[in-house]
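Residue numbers (full-length UniProt numbering), protein chains in the order written: chain A, 1 to 357; chain B, 1 to 393.
Before any comments, here is the structure.
Next comes the structure, spelled out in structure tokens:
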């Protein structure tokens, strides 16, 4: 049976992650960082990965990980979403890790699990679990080609690159040219990866590894989107209780109360959908449908929540100094990441036998 | 303290002593009530054992597996969901003994005489008067939207007993015998064509003071118990995927490819996702209740289902194309139950319009969520300190 609640251990994990983020990842810190040349917070990453061992949650203990499951990862992602934390957690600890789990590469898995090595799957962030992805050329044993839209590639130590022989190759970042792209989401920046005769080590077959990685990513992204939506709702409610116009708190106007109540409903629903996806990924039962349902539902809710946050904060919500825009940008980028809601609805049509005309 | 194992033991004992195959249905239900297995969280002697509420599922599962008859709870939703918890909390010992057993077994069905033509969402504005004559109250007024009054043996009734105080203060709560002289139930035909609810005219109805529930003038507080229970009614039940109103639409889509269009496909998939997510939210709420940690999600479930039912049934009518122009039956009937599955898409579309009105309009429920869950400021109140008789109407 699907377990949609949080266990005591999961709540303890949440509290620990939230404490760390409260101390080290305040909105002002994030804002300051995205204005610099190094938007990623690698000190925070080290604390999460090294200090708390969270990079290896999905990796079995025998391979140097924590042997936990997608349920715990989902809780971590909720908190990271709530803080729009600029760390490569989803990309390294989930996507690259899942790809390597499919390949069974123990050595590299262990390094990613420790957090001392950051991995990135060199597949565009927009790619849906069932969509085609770009492969580079393998010629005379070395790799040639350019890949775009690779999230967190700027901080990756190892890139996992699909090649045209059907293999997935581990390429060290030194062997590639990684160039930052000007990204819509400042907290999860994209980069191009250019390979000009780069050596790579074949770790396994690309197709199953990429499918598995993107499916887990899409399912767990819903938990990040839940965190983003939850922040937007909580902050907006708090602000509307304080902000006064016409001699009363703005939150007392029915037109706004109804909008916030509606947003609360959507967030409550998103929590159930995200939990169902995380649980299904952990158990392997009903995973395809649960992931598609969660991703078809999550993106519009997170976008709606952050758009409401900007609108209801009004003038201050439009400013660079207020963090609302960081969340709006994350939510909007997340609505494209690992497949749009529409793409996931189309996938569902096949999965639940509601065929196109 | 009664735990799950103890409840299983008692349930099996009940089944041993009253084998469902050879026991009369009503006899079985009475025996179940007397064994304290009707609603385990009620006190002993009143159909329960004082056990934790969430353990009811343990009993229900045992009885279902044994093929035991159930009390057809849907027929007496108001009795079970609203009258019973209110009688339990505010009733005298004599009232509890008299009413709870036949209520639970379904021998006596209840209805609710609350709403009036001038008092819907603003329920406390009600004008039905109850005037005391010795040990009797004489009631005059009109109630409306009374579901199932034509099948009901008893009613929970609120009436004004003191017009000179502010509207919430002058109300008293009664248990009204629907067979008494002066109670006139008239069907109120609805947009579906049938009369599921009624107008009820009360003319010199005489209610003995022994059937007053709670103190004189305390009726509003008593009614809060009833209304809170109305909104908590969800929970406990588990719905399979496509178990709600999306089911018939999905079935039609699969079986009738000639009806499919691209526009309908987009809308169907969107609603399918929303229905599945609402189902998951209801399941999450159920799991919270079972774990003894009820969340505030329940406050939103009715809102979500009302909107979904309306959108899905609206889509269903369109999906049927030419058939959507027809209606199964406009005959005026007075049903015992709302039949969402036995009738056609047009009926579902029309009946679902009531989902955002009955039991509190969606607009009022949004206020409740905003104020009680999110803690936003309450609506301004201009009638709070004014005597009811001085209010404009």
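Where is the CB? At the ideal position from N, CA and C, for every residue including glycine.
Query                                                                                                                                      : Result
Proximal chain A residues relative to residue 96 of chain B, where beta-carbon distance stays under 9 Å                                    : None at all; the shortest Cβ gap to chain A is about 35 Å.
C-alpha distance - residue 89 of chain B paired with residue 285 of chain B, whole-angstrom precision                                      : 25 Å
Given residue 237 of chain A as reference, the closest of B:376, B:93 and B:133 once Cα atoms are compared                                 : B:376
In chain order, each alpha helix (DSSP H) run of at least 4 residues that lies wholly inside the stretch 214-293 of chain A                : 254-283
Residues sharing a beta bridge with residue 183 of chain B, DSSP                                                                           : B:202
Of the listed residues A:124, A:331, A:115 and A:14, nearest to residue 74 of chain A (C-alpha basis)                                      : A:14
Cut-off 6 Å between Cβ atoms - residues of its own chain near residue 197 of chain B, not counting five sequence neighbours on either side : 145, 146, 147 and 188
Inter-residue CB distance, residue 128 of chain B and residue 116 of chain B (contact presumed, cutoff 8 Å)                                : 6 Å
CB contact below 9 Å: residue 352 of chain B versus chain A                                                                                : no
Under 8 Å from the C-beta of residue 241 of chain A: neighbouring residues of chain E                                                      : Reference to chain E is not applicable here, since the protein chains of this structure are A and B.
When B:3, B:252, B:186 and B:66 are compared against residue 21 of chain B, the one with the closest alpha-carbon                          : B:66
Cβ-Cβ distance between residue 291 of chain A and residue 280 of chain B below 9 Å                                                         : no
Pairwise C-alpha distance: residue 350 of chain A and residue 379 of chain B                                                               : 47 Å
Residue 367 of chain B at chain A interface by Cβ criterion, 9 Å                                                                           : yes
Sequence-distant residues of the same chain with beta carbon closer than 7 Å to residue 55 of chain B, five excluded per side              : 4, 7 and 40
Opening and closing residue of the alpha helix (DSSP H) in which residue 391 of chain B lies                                               : Premise fails: residue 391 of chain B is in no alpha helix (DSSP H) and is neither H nor E.
Collapsed DSSP secondary structure at residue 99 of chain B in the structure displayed                                                     : helix
Proximal residues of chain A, C-beta to C-beta of residue 57 of chain B below 8 Å                                                          : Correct list: empty, because the minimum Cβ distance to chain A is about 13 Å.
Where the beta strand (DSSP E) through residue 350 of chain A begins and ends                                                              : That residue, residue 350 of chain A, is in no beta strand (DSSP E); its alpha helix (DSSP H) goes 341-351.
Below-9 Å beta-carbon distance, residue 252 of chain A vs any chain B residue                                                              : yes
Alpha helix (DSSP H) runs wholly inside the stretch 102-149 of chain A, at least 4 long, in chain order                                    : 106-114
Nearest candidate by alpha-carbon position, reference residue 213 of chain A, set A:301, A:46, A:287 and A:53                              : A:287
Exposure label - residue 305 of chain A; buried when at least 16 CB within 10 Å                                                            : buried
Closer than 9 Å to chain A by CB, residue 257 of chain B                                                                                   : yes
Neighbouring residues, chain A, relative to residue 297 of chain B (Cβ below 7 Å)                                                          : 268
The alpha helix (DSSP H) enclosing residue 45 of chain A, as first and last residue numbers                                                : 42-46
Spatial distance of residue 161 of chain B from residue 120 of chain B (CA atoms)                                                          : 19 Å
Runs of alpha helix (DSSP H) lying entirely within the stretch 78-129 of chain B, each at least 4 residues, in chain order                 : 84-90 and 93-105
Beta-bridge partners of residue 205 of chain A, as assigned by DSSP                                                                        : A:167
Assigned secondary structure, residue 320 of chain B (DSSP; H/G/I helix, E/B strand, else coil)                                            : coil
7 Å Cβ cut-off: residues of chain B touching residue 437 of chain A                                                                        : Past the edges of chain A, shown from 1 to 357, lies residue 437 of chain A, and the structure says nothing about it.
Distance CB(residue 120 of chain A)-CB(residue 151 of chain A) smaller than 9 Å                                                            : yes
Inter-stretch contact (C-beta, 8 Å, three-pair minimum) for the stretch 53-60 of chain A and the stretch 107-122 of chain A                : yes
Assumed close pair residue 98 of chain A, residue 216 of chain A - CB separation to whole angstroms, cut-off 8 Å                           : 5 Å
Beta-carbon neighbours of residue 277 of chain B, restricted to chain A and to distances below 7 Å                                         : 269, 272, 273, 293 and 297
Residues in the stretch 103-135 of chain A having any Cβ partner in chain B nearer than 8 Å                                                : none
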